[in-house]
Amino acid sequence: MTDIKILPDAVGLARAAAEHFVTLAAGAIAARERFAVALSGGSTPQALYALLATPEFARRVDWPRVYVFWGDERCVSPGHPDSNYRMAREALLDHVPIPADNIHRIRGEIEPTWAADECERVLQRFFDVPLGGEKRCARFDLVLLGMGEDGHTASLFPGTAALGEQKRWVVAHYVDRLHAWRITLTPVAINAAANVVFLVSGLGKAKQLGQVLAGPYQPEVLPAQIVRPTDGRLLWLVDSAAAAHLARPVTFHTAR
Ligand code: 6PG
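For the sequence shown, position 60 (counting from the first letter as 1) is numbered 100 according to our numbering, and the numbering increases by one without interruption.
So, in structure tokens, the structure goes:
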């Protein structure tokens, strides 16, 4: 199921996302006594984290039952300005009563392929699903994603082999356009989630968003298109600037 919600501006987008986070957390905790979320990097998700840290939202989440993972990480130390862990910690995790043991960062400071392997082992243990062979995959209650102006999401960039990954949940890869290594959840793990929410803001993303949502299906060019939860809900939260190129009513391509 795919929904799109257009909010007037970036502030409205962050509020809608925070409300959704609170609702999903409450639902998962009521059903399974825990809420497992994969956080994203990027400035749009950062506004959500800052809002979730305010008393208005923070008091509505049962933080000791929230388990935090990351959708992707840059290969830097946890205190580095580029670290997605650092961003989420400073914007959110330092300000809410979440136990340190519930925070499972990707270790960007070690050899990238080791970090990806380690992350998969952590997910395997947490979700109690053996890796490989089986059809089942770790199932996050929520995967939060941003989208770059080039249509990338998490650290799935155009033209990268990770887009075709069929088995692994997490991979490390060298991204030529960034001249850097990245560690990322694969489409296998993202599409196994119960909920995936994209947060997209700003005019700079309007053209690509129009292509991602209504253009031909070409995920090797527009990686965000590969996100299609198999048995979950996909929600696009978009501000009106980013929605500028969307036809109304929005039409969705159905190709997979
Ligand atoms: C990262 C992200 C990445 C990000 C998008 C959008 O580590 O960079 O996970 O996928 O979400 O690039 O970022 P903005 O919201 O800053 O445009």
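In this text, a Cβ means the ideal position worked out from N, Cα and C, and glycines have one as well.
Item checked: Proximity to T226 [Cα-Cα], best of A71, D141, D43 and E160 -> It is E160 whose Cα lies nearest to the Cα of T226.
Next item on the list: Check the DSSP bridge columns for I44 and list the partner residues they point to.
Entry: Note: I44 sits in a beta bridge opposite W276.
Margin query: Within a Cβ cutoff of 7 angstroms, which residues of the same chain sit near R179, ignoring the five residues on either side of it in sequence?
Written below: Excluding residues up to 5 positions away in sequence, F167, A232, A233 and A234 lie with their Cβ nearer than 7 angstroms to the Cβ of R179 in the same chain.
Note to self: Please return the same chain residues whose Cβ sits closer than 6 angstroms to the Cβ of R55, not counting the five positions on each side in sequence.
What the structure shows: Nothing meets the Cβ criterion.
Item checked: Length of the line joining the Cα atoms of H285 and E130 -> Taking the straight line joining both Cα atoms gives about 34 angstroms.
Next item on the list: For V236, write down the residues that DSSP places opposite it in a beta bridge.
Entry: Under DSSP, V236 takes part in a beta bridge, and its partners are V183 and L274.
Notebook entry, point to check: alpha helix (DSSP H) containing I69: first to last residue?
Noted result: Counting along the chain, the unbroken alpha helix (DSSP H) around I69 starts and ends at A50 to R72.
Notebook entry, point to check: Name the DSSP bridge partner or partners of V108?
Noted result: Beta-bridge pairing links V108 to V77 and I143.
Next item on the list: Could you pull out every residue in the same chain whose Cβ sits closer than 8 angstroms to the Cβ of I138, ignoring the five residues on either side in sequence?
Entry: Counting only Cβ-Cβ distances below 8 angstroms, and skipping sequence neighbours, we find W103, P104, V106 and V108.
Margin query: Taking its Cβ as the centre, do 16 or more other Cβ atoms sit within 10 Å of H213, making it buried, or is it exposed?
Written below: Counting Cβ neighbours within 10 Å, H213 comes out buried, since at least 16 surround it.
Next item on the list: Could you tell me which uninterrupted beta strand (DSSP E) segments, each at least 3 residues in length, are contained entirely in the stretch 188 to 255, listed from first to last along the chain?
Entry: Entirely contained in the stretch 188 to 255, the beta strand (DSSP E) runs reaching 3 residues are, in chain order, 210 to 215, 220 to 225 and 235 to 240.
Note to self: For a quick check, are the C-beta atoms of V278 and V236 less than 8 angstroms apart?
What the structure shows: No, they are not a contact pair.
Margin query: For the stretch 204 to 223 against the stretch 62 to 69, do three or more pairs of beta-carbon atoms, one drawn from each stretch, fall closer than 8 angstroms, so that the two count as touching?
Written below: For the pair of segments examined, the stretch 204 to 223 was found not to touch the stretch 62 to 69: the number of CB pairs separated by less than 8 angstroms stays below three.
Next item on the list: Please go through the same chain and pick out, in chain order, the residues whose beta-carbon is closer than 6 angstroms to the beta-carbon of P48, but skip the five residues on each side of it.
Entry: Only S280 meet the Cβ criterion.
Next item on the list: Tell me whether N124 counts as near the ligand 6PG, meaning its Cβ is closer than 7 angstroms to at least one heavy atom of that ligand.
Entry: Flag set: Cβ of N124 near the ligand 6PG.
Next item on the list: Look at the Cβ atom of S195, then the Cβ atom of D112, and state whether they are nearer than 8 angstroms.
Entry: In this structure, the beta-carbon distance from S195 to D112 falls below 8 angstroms.
Next item on the list: Identify the continuous alpha helix (DSSP H) that holds Q86 and give its terminal residues.
Entry: Segment S83 to L92, the alpha helix (DSSP H) holding Q86.
Checklist line | Own chain partners of L53 with C-beta closer than 6 angstroms, once the 5 adjacent residues on each side are dropped | finding: Within the same chain, L53 has close Cβ partners L47, S241, L277 and D279.
Next item on the list: Return the residue from the list V261, L185 and V183 that minimises the CA-CA distance to F197.
Entry: Nearest option by C-alpha distance: V261.
Next item on the list: Enumerate in chain order the residues of its own chain whose CB-to-CB distance from A98 is below 8 angstroms, with the five nearest sequence positions on each side excluded.
Entry: Only L92, H135 and V136 meet the Cβ criterion.
Notebook entry, point to check: Hey, would you say L184 sits closer than 8 angstroms to V77, going by beta carbons?
Noted result: It is a contact, given that the beta carbons lie within the stated cut-off.
Check: Within 10 angstroms of its Cβ, does Q86 collect 16 or more other Cβ (buried), or is it exposed?
Finding: Q86 is buried by the Cβ-count criterion.
Item checked: When W209, A70, A58 and G244 are compared against A90, the one with the closest alpha-carbon -> Relative to the Cα of A90, the nearest Cα in the group W209, A70, A58 and G244 belongs to A58.
Next item on the list: Could you spell out where the alpha helix (DSSP H) holding R129 opens and where it closes?
Entry: Start and end: N124 to A131.
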